[in-house]
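Quick note: the sequence shown uses our numbering, first residue 39, plus one each step. Beta carbons are placed, not taken as given, at the ideal position from N, Cα and C, and that holds for glycine. So the structure is just underneath, and the comments pick up after that.
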Amino acid sequence: MTSTNIIDLTGDGTGTADKKYFTIPLLLQRYLPAPTTLVLQLVAFHIPEVSDDIVSVKPLAWFRKDAPMTDPVCILSRLIPSQCIIQKLEDVIYEPSFRHSSLHSIADPRFNDGMDRLLLWIVTFWREMSKISLIRSRWVRSVEWLETQRKQSHDGKTVDLIRQGQ
39 MTSTNIIDLT GDGTGTADKK YFTIPLLLQR YLPAPTTLVL QLVAFHIPEV SDDIVSVKPL
99 AWFRKDAPMT DPVCILSRLI PSQCIIQKLE DVIYEPSFRH SSLHSIADPR FNDGMDRLLL
159 WIVTFWREMS KISLIRSRWV RSVEWLETQR KQSHDGKTVD LIRQGQ
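Take a look at the structure:
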């Protein structure tokens, strides 16, 4: 689940003009689970939670002309914006005027009074983490259900089958 879903502003499906701005750097890709990650590894994987905060700041106001200056690793300890906010940020990015704007960074108003300036690829990272968080939460519930069934089962065969899945 790495940066295969790069934001493409070219309109031709190649993403070449903007790939460098919206590709998650290798430094942070290592914080995304690989597509081959096993279920129990994914369940144990640390993923920031998705925020359910309502943000009253307009999506365009998240984008700034300032150069990015904040260490991107800080995002690992912050809540991921809701899918609704991420979608609205992507809608701004896909507007034709964005390609020719002088907007170079993201200011997340939820933290540090919006003073931090993050690189634009943060939107791609948030989208990927949001997807992973949803998938992970489904697996967590499934594993919890299996564990409950294992504890409640008096049938040795059922316990063996559940253990094989671990």
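Check	Outcome
Same chain, Cβ closer than 8 angstroms to V81, five either side skipped, listed in chain order	R174, W177, V178 and V181
Buried or exposed (CB count within 10 angstroms, at least 16 for buried), R165	buried
Contact between the segment 140-148 and the segment 99-113 (3+ Cβ pairs under 8 angstroms)	yes
Helix, strand or coil at L156 according to DSSP, with G and I counted as helix	strand
Spatial distance of P63 from P110 (CA atoms)	10 angstroms
CA-to-CA distance, Q190 to S89, given in whole angstroms	34 angstroms
Those residues which DSSP pairs with R148 across a bridge	Partner(s): none; R148 has no beta bridge.
D154 versus P106: straight-line alpha-carbon distance, rounded	8 angstroms
Helix, strand or coil at F136 [DSSP, three-state]	helix
Beta bridge counterpart(s) of R188 as assigned by DSSP	In the DSSP output, where bridge partners are listed per residue, R188 has none listed.
S94 - DSSP class collapsed to helix/strand/coil	coil
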